[in-house]
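Trainee:
Number of protein chains: 2
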Amino acid sequence: MSDKDTSPTPSPAPPLPTGPPPKVTNRGRSAGPTASSNSDSTDIPDFEFYGAPHPRGVPPLTEFLDISGVDMMRRPDESNKVEHHTMYYNSDNLIVRRAQEFQVKITFDRPYDSARDKIALEFVIGSSPQYSKGTYIPVFATKERQSSWAGRITHTSGNEITMGITPAANCIVGKYHMYVAVATTYGIRRTRKEKSRDLYILFNPWASDDAVFLDDEREREECVMTEMGIIYHGAYDDIAERDWNYGQFNYGVLDACLYIMDRSEMPITNRGDPIKVTRKASAMMNSRDDDGVLVGNWSGDYTYGVAPTSWTGSTDILLTYASSKMPVCYAQCWVYAAVFNTFLRCLGIPSRVVTNYFSAHDNDGNLKTDIILEEGGRIDRKLTKDSIWNYHCWNECYMTRPDLPAGFGGWQVVDATPQETSDGMYRCGPASVQAIKHGQICFPFDATFVFAEVNSDVVFYSRRKDGTMEPVKVNRTHVGRMVLTKTPGDLTRRDITDQYKFSEGSTEERTVLEKADEYGCNREKSNPPLADVDLVVPTLEVSVGDDFELSVEFINRSNQQRTVDTYISGNMVYYTGVTRSEFLFRDPTVEIDPNQTVKELVAVKSSSYMRHLVEQANLNFIITGKVQETGQIISTMKIVALRNPKILVEVSGGGRVNEEMMASVQFTNPFTFSLESVYIRMEGPGIMAPKSKYYRMIPGGSSLTWTEFFTPQRVGTTRMIATLDCPDLRQVYGQATVTIKP
Amino acid sequence: MSDKDTSPTPSPAPPLPTGPPPKVTNRGRSAGPTASSNSDSTDIPDFEFYGAPHPRGVPPLTEFLDISGVDMMRRPDESNKVEHHTMYYNSDNLIVRRAQEFQVKITFDRPYDSARDKIALEFVIGSSPQYSKGTYIPVFATKERQSSWAGRITHTSGNEITMGITPAANCIVGKYHMYVAVATTYGIRRTRKEKSRDLYILFNPWASDDAVFLDDEREREECVMTEMGIIYHGAYDDIAERDWNYGQFNYGVLDACLYIMDRSEMPITNRGDPIKVTRKASAMMNSRDDDGVLVGNWSGDYTYGVAPTSWTGSTDILLTYASSKMPVCYAQCWVYAAVFNTFLRCLGIPSRVVTNYFSAHDNDGNLKTDIILEEGGRIDRKLTKDSIWNYHCWNECYMTRPDLPAGFGGWQVVDATPQETSDGMYRCGPASVQAIKHGQICFPFDATFVFAEVNSDVVFYSRRKDGTMEPVKVNRTHVGRMVLTKTPGDLTRRDITDQYKFSEGSTEERTVLEKADEYGCNREKSNPPLADVDLVVPTLEVSVGDDFELSVEFINRSNQQRTVDTYISGNMVYYTGVTRSEFLFRDPTVEIDPNQTVKELVAVKSSSYMRHLVEQANLNFIITGKVQETGQIISTMKIVALRNPKILVEVSGGGRVNEEMMASVQFTNPFTFSLESVYIRMEGPGIMAPKSKYYRMIPGGSSLTWTEFFTPQRVGTTRMIATLDCPDLRQVYGQATVTIKP
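Going line by line, the protein sequences match chains A and B. Residue numbering for the first sequence follows full-length UniProt numbering, starting at 1 and increasing by one per position. Residue numbering for the second sequence follows full-length UniProt numbering, starting at 1 and increasing by one per position.
Structure representation (structure tokens):
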């Protein structure tokens, strides 16, 4: 080979680095980063030249207006906060709502001359603000509208003017900075950035142009302004209540809500759209995928955090998340729904927590929940895997749906509880309640899933020897038995089942199910004949630790003798319907004369269930049987939600704003055994921030009293709520109503 | 305090552990884990007793059938693989499609007696197989259908029977195990698990009951069976092609595709639904969120991986991902689309790669792309942030849409390229092409986004001194200029723009845009008057390294003199429309007499652009101007895609199956400078697995030849393709057609 030969020769390729792929930049992919943080900001210069800077510098601008003062009129008792319904927010900054005028006072060095002076208020949000993106909005002191924000001078007095600003009805929701700008011959001169001129703009349910407009003052008062709520749980025929302090106006909560959106890296420009905001937030409330607010835990072991049953309100959770920047431990469905509710109300989106009794879950939006029986009629626990939750809580929020055909606005389901088997869907909604009711489940988002939660059939299969199965009973009314929410302006419950479903057996109901069928929701088509023996278990009220008797009624509706091989199984279940253990089993053979009823009584000793107790103390009795004469399968299920002891909350003293008062919590351990590692929590909106107390041990039979002083800050009727929580006893509540006079 | 006082006293609460939250178990949340891995399996026992085990053990079961052999008939030339169109898969296992009968031969120890013997073939997939979930399917040798799988004996001969099995048309797609089971008096006795009885069941575009049925043999041949494809790029008026070896039949590719679904933890039960499979896969093709297959990189720096322009096919990528279990570096849109195409064709979902020229991107589904001009008419690069990609590739796949109203089945858009600003959406589709064409963008999934990619307006704003902006020109035809795909059975391109949009200016087009408006897609409503001066730049064909002349034509359509202050800006851009640098700027003032045309010639020296060169070598000329007499803004944009040198691929010898042949690649460095760190890759479906060669340096002007021997395995016409890639020169291609005779 001559040394002049330049013909290239191959070499061994250099090895590629191993290990995880390096961080890739955005170069070549996009012109600049997307603004996705409300806490980032870009400073606008004090002086902005038109064209190139003046070669000899700027001459003194004495002829132009000089700004000597800006008053945001941000005190809670000033008209801005009162008229914008933001007076309860514990914040020093101005907080207003979209599509509604607010006032700002500006003082100059001389009287303002509308013919000569040109001024603008500039509103800026996020980094790299841009006019065309709605993140930089100059509003002029004229009637001219600028991209639908309006400005006008409402009052002039000496060197002072008052400007009225109406933000666009679809403007971005979040924290803005306001500059005052004066146009000069050489450029624009503006105020320096100062925190006191930061303002928050929220959604506005009172403004007819806003996508969240809700034309009902009672509903708005409840779903935006009310801090103290009730969340229903227990069983549909034995409803229990939890009080919850949403605390949307508490100090730091609004900033925490904006932090949640920043954390999600949601582009700033999307934050005026309630559809996008609620969808994103439904993902961010849970820690799955995105390090969102709350870690779900249904295991009963809450050593490394706070038990879901122990929380009294959202404030602690949101402030902890915003300060630690780490998911908070732990939540179950009502905690997700409650914190989500705070987020929504805080930003001004009307919202409420609803409870669906017997909620079909983890079945990936199928309309079937399978229960597998052995050939003899006994339930096969190994094969029965779908779950029906005793209850499930989600949120409804109110908005128009311009992305859907007309008629699907109004209440929308959003659900922040992560669904385990739903194809990686750790967000849900907004799904139109109207669309769910009418079976129009082809519309986004996730309507199919919610439809299944209220409409699934429970199918009982009998498993043959060769492994195949035959449907033997279809219960079409068990799931979605009742949907409840709190009545606006009242402490009672409101049944809103009819907003989700037409009445059972109606023509409309049949049409809806056919419609859903068209969209691929296949129901069980078989219709096994009904047995002529009915099984009924009357509702029971039992306190934790009591012995009781379960009555199982066999009603023979035929004219012949019936003999039933019966299996009565008592199970300790989580509220998710998941069984922890079977604590009772009987298999009586029951004979029933023609047209007669036989009562089979089952004695249940507290000793048999106490050591299996799990939180929420739900006993699930499953009674199945095979009728010897006909071979038919009969079955029924009964949830007995054991009643926990209560704690007594008493409030005394003052009763006036700024006068000290006293709250006491009393509890007696009703059991013979000691309760260990006990937390008691107490809080009340406008009267007391969350407080807690820890007791290493409460011996059996002993009583305790915890007393705290507090000073109410607000007039009105509110409640003080308390919880007690320990590994052996969860979900113990108490509350007292307090009225504060001026 | 007496020592008998048991009244509990509070203590300091124990500190909560700090650090990230602990891993939470599923206890209390669900009855069991969801099967989400096809590679997991549960063994079924060899002998399953009815009821309790027989007290004295099982008597010898001599009277029952004994299985002495099972033949899956899995050779490529046997009828199963031929009739199921799976003969090209390089796999030892049986591969069949749903809703179509396949044959299995079973040999017993004596002749089968249909009256006396009861046998079943059991098909099992994933862990904890269940009849009611479709993961355990027993098929009997009778005409009786079991959950829509059918079985029958098609042939009997001596001790041997042939059974025909027809899997359900909606059964799970993936790898099953087959057992042969015989019923005895005491229980079920079955074959032991053995790998040779694993079989794959795929989607079936040939079966009318299957959701992916495509009633066109030409299309099926292309979109399921064809391995070698063409992907279009370049500019709409200067189209370039890339060859791509999808390689869906290569050894290991099918297992890699199943691994992708396992890796996504997609529940097994969802894997029969092409909507869910394609949606999930669109998320899994990119590494965002979920450690999916490919890492996107548009930066030009590919040091730690393979440059997107360097790949020749999907095989290397999929096999690397499946073996390393780590995302593969690097991809841009066509690589995502190509690998996704392999995935879809491999599983039997008809699919094709399409290219949309001038694709609106990163604008979060808005129908506006903003270009901001300074008052004089020059583009303001700082404020212009939206991008229009010169082209963008996505996939279409074919299926019914039972989740939507009638009429939206057929081709569906799925897009695996992560969208940067789309509210965290790193998945896209399936979106019905019909729905996009008709503006019915309210239907899932992500139709709004795709609609914007083909229908956005380009709005030119003039930015005033006070920061406000005025729309001065709206171009409603630039975006979505053309949509191309390969013609079935041919190497030519097919324009399918009309499947996405009605023709420009038609009544239907207007109706569609109004419809989209109803669903919240707001277009630019203003209609600035058209200028009476037109700007035209004729198409140019230029090779990398050449000097050339750009001709800009000013056409004065008025009866008056026109004077245009013109800005001509030449920019090196990425194919994403993102500018790397401006290499040329001119600002001539052009005078045009009434009704005349003036040509302004701009000389472009290679020396001015060569040092700015980025991959794909796209020059973007933006010409804007302001007409002095009318104040109107005129503008045009021109992409000049520089032509790269080619590599020459030659194939010689044999031309017959199993006869050795020779492929040579020749390349001459046309530049005066050396090319360094050069990779050359070559592959051809059915003839050569991917091979590559590395050259440390190719001096300017020098040539190289690389020769490889190969042995074709299949009859037919195919292509050998090659790429050359180095940091200074990307996207150099060559190919040769090869016909192999038997």
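Note that CB positions come from ideal geometry on N, CA and C, so glycine has one too.
Just the chain E side, please: which residues come within less than 7 Å of I698(B) by C-beta, in chain order?
Mentor: The chain labelled as chain E is not found among the protein chains of the depicted structure, namely A and B.
Trainee: Could you give the distance in angstroms between the alpha-carbon of S30(A) and the alpha-carbon of T576(B)?
Mentor: Their backbone Cα atoms lie some 7 Å apart in a straight line.
Trainee: Contact between the stretch 642-649 of chain A and the stretch 664-671 of chain A is defined here as three or more beta-carbon pairs at a separation below 8 Å; is this criterion met?
Mentor: Because the criterion of three Cβ pairs below 8 Å is met, the stretch 642-649 of chain A and the stretch 664-671 of chain A touch.
Trainee: Under 7 Å Cβ-Cβ, which residues of chain B neighbour V578(A)?
Mentor: Within 7 Å Cβ-Cβ: G28, R29, S30, A31.
Trainee: Work out the CA separation of G439(B) and Y246(B) for me, nearest whole Å.
Mentor: Approximately 33 Å, taken between the alpha carbons.
Trainee: Hey, how far is the Cα of F583(A) from the Cα of M637(A)?
Mentor: For F583(A) and M637(A), the distance between alpha carbons rounds to 16 Å.
Trainee: Give me the Cα-Cα distance between D243(A) and T269(B), rounded to the nearest whole angstrom.
Mentor: Taking the straight line joining both Cα atoms gives about 40 Å.
Trainee: Does chain B have any CB closer than 8 Å to the CB of D3(A)?
Mentor: Model confidence at D3(A) stands at a pLDDT of 45, short of 50, so the residue's coordinates are unreliable; what they give is reported in the following sentence. False, the Cβ-Cβ gap to chain B never drops below 8 Å.
Trainee: Is it the case that the Cβ atoms of N395(B) and T315(B) are separated by a distance below 8 Å?
Mentor: Going by C-beta atoms, N395(B) is not nearer than 8 Å to T315(B).
Trainee: Put I275(B) into one of helix, strand or coil per three-state DSSP.
Mentor: Three-state DSSP puts I275(B) in a helix.
Trainee: If you draw a straight line from the alpha carbon of E509(A) to that of F673(A), how long is it in whole angstroms?
Mentor: About 52 Å.
Trainee: So is A120(B) in contact with chain A if we call contact Cβ pairs under 8 Å?
Mentor: For A120(B), the answer is yes, since a Cβ of chain A falls inside 8 Å of its Cβ.
Trainee: Taking only three categories from DSSP, how would you classify residue 762(A)?
Mentor: The first residue shown for chain A is 1 and the last is 742, placing residue 762(A) beyond what the model contains.
Trainee: Rounded to whole angstroms, what's the CA-CA distance from T739(B) to L675(B)? Just pull it up for me.
Mentor: Their backbone Cα atoms lie some 34 Å apart in a straight line.
Trainee: Contact defined as beta carbons within less than 8 Å: I believe S635(B) pairs with F460(B). What is the distance between those atoms, to the nearest angstrom?
Mentor: S635(B) to F460(B), Cβ: 6 Å. Contact.
Trainee: Mind checking L642(B): buried by the 16 CB within 10 Å criterion, or exposed?
Mentor: Buried is the call here.
Trainee: In three-state DSSP terms, what is D71(B)?
Mentor: Here D71(B) sits in strand by DSSP.
Trainee: Which residue wins for smallest C-alpha separation from S132(A), given the options Y232(B), E660(B), R464(B)?
Mentor: Nearest of Y232(B), E660(B), R464(B) to S132(A), Cα basis: R464(B).
Trainee: As a quick exercise: from I125(A), F343(A), R218(A), A256(A), pick the residue whose alpha carbon is nearest that of Y176(A).
Mentor: The shortest Cα separation from Y176(A) among I125(A), F343(A), R218(A), A256(A) belongs to I125(A).
Trainee: Based on Cα-Cα distance, which residue from R27(B), T107(B), R493(B) lies nearest to R352(B)?
Mentor: Nearest C-alpha to R352(B): R493(B).
Trainee: When DSSP labels each residue in this structure, what does F408(B) get in the three-state scheme?
Mentor: Here F408(B) sits in coil by DSSP.
Trainee: Quick one: residues in its chain with C-beta nearer than 7 Å to the C-beta of F108(B), no 5 flanking neighbours on either side, listed in chain order?
Mentor: Excluding positions up to five away in sequence, the list reads L65, D66, I67, S68, N159.
Trainee: Do D534(A) and R562(A) have their C-beta atoms closer together than 8 Å?
Mentor: Cβ distance not < 8 Å, so D534(A) and R562(A) don't count as in contact.
Trainee: Counting only the same chain and skipping the five closest in sequence on each side, list residues whose C-beta sits under 6 Å from that of T34(A).
Mentor: Excluding residues within five positions, the ones whose Cβ falls inside 6 Å are P267.
Trainee: Do the stretch 439-453 of chain A and the stretch 330-349 of chain A make contact, defined as three or more Cβ pairs closer than 8 Å?
Mentor: Output reads no: the stretch 330-349 of chain A does not touch the stretch 439-453 of chain A.
Trainee: Can you check which of these residues, E227(B), V339(B), R476(B), G313(B), is closest to C257(B) by C-alpha distance?
Mentor: When each option's Cα is compared against that of C257(B), the closest is V339(B).
Trainee: Measuring CB to CB, does A416(A) end up less than 8 Å from I388(A)?
Mentor: No, Cβ-Cβ distance for A416(A) and I388(A) is not below 8 Å.
Trainee: Taking the beta carbon of S157(B) as the centre, do at least 16 other beta carbons fall within 10 Å, making it buried, or is it exposed?
Mentor: Exposed, since its Cβ has fewer than 16 Cβ neighbours within 10 Å.
Trainee: Secondary structure at T303(A), three-state DSSP: helix, strand or coil?
Mentor: Coil, per DSSP.
Trainee: With H, G and I counted as helix, E and B as strand and the rest as coil, what does DSSP make of L199(B)?
Mentor: Strand.
Trainee: Taking the Cβ atom as the reference point for each residue, do R586(B) and V602(B) lie within a distance shorter than 8 Å?
Mentor: Cβ atoms of R586(B) and V602(B): closer than 8 Å.
Trainee: Counting C-beta neighbours from all protein chains within 10 Å, is the total for D457(B) 16 or more, i.e. buried, or is it exposed?
Mentor: Buried, by the Cβ-count rule.
Trainee: So what does DSSP say about I172(B), is it helix, strand or coil?
Mentor: Of the three classes helix, strand and coil, the one that applies to I172(B) here is coil, per DSSP.
Trainee: Spell out a yes or no on whether the stretch 90-98 of chain A and the stretch 194-208 of chain A are touching, meaning 3 or more CB-CB pairs, one atom from each, closer than 8 Å.
Mentor: With the cut-off at 8 Å, the stretch 90-98 of chain A and the stretch 194-208 of chain A touch.
Trainee: Taking I687(B) as the reference, which of R656(B), N669(B), Y679(B), I698(B) has the closest Cα?
Mentor: The option with the nearest alpha carbon to I687(B) is R656(B).
Trainee: Measuring straight from C-alpha to C-alpha, what distance separates T9(A) and F709(B)?
Mentor: Between T9(A) and F709(B), the C-alpha separation is close to 18 Å.
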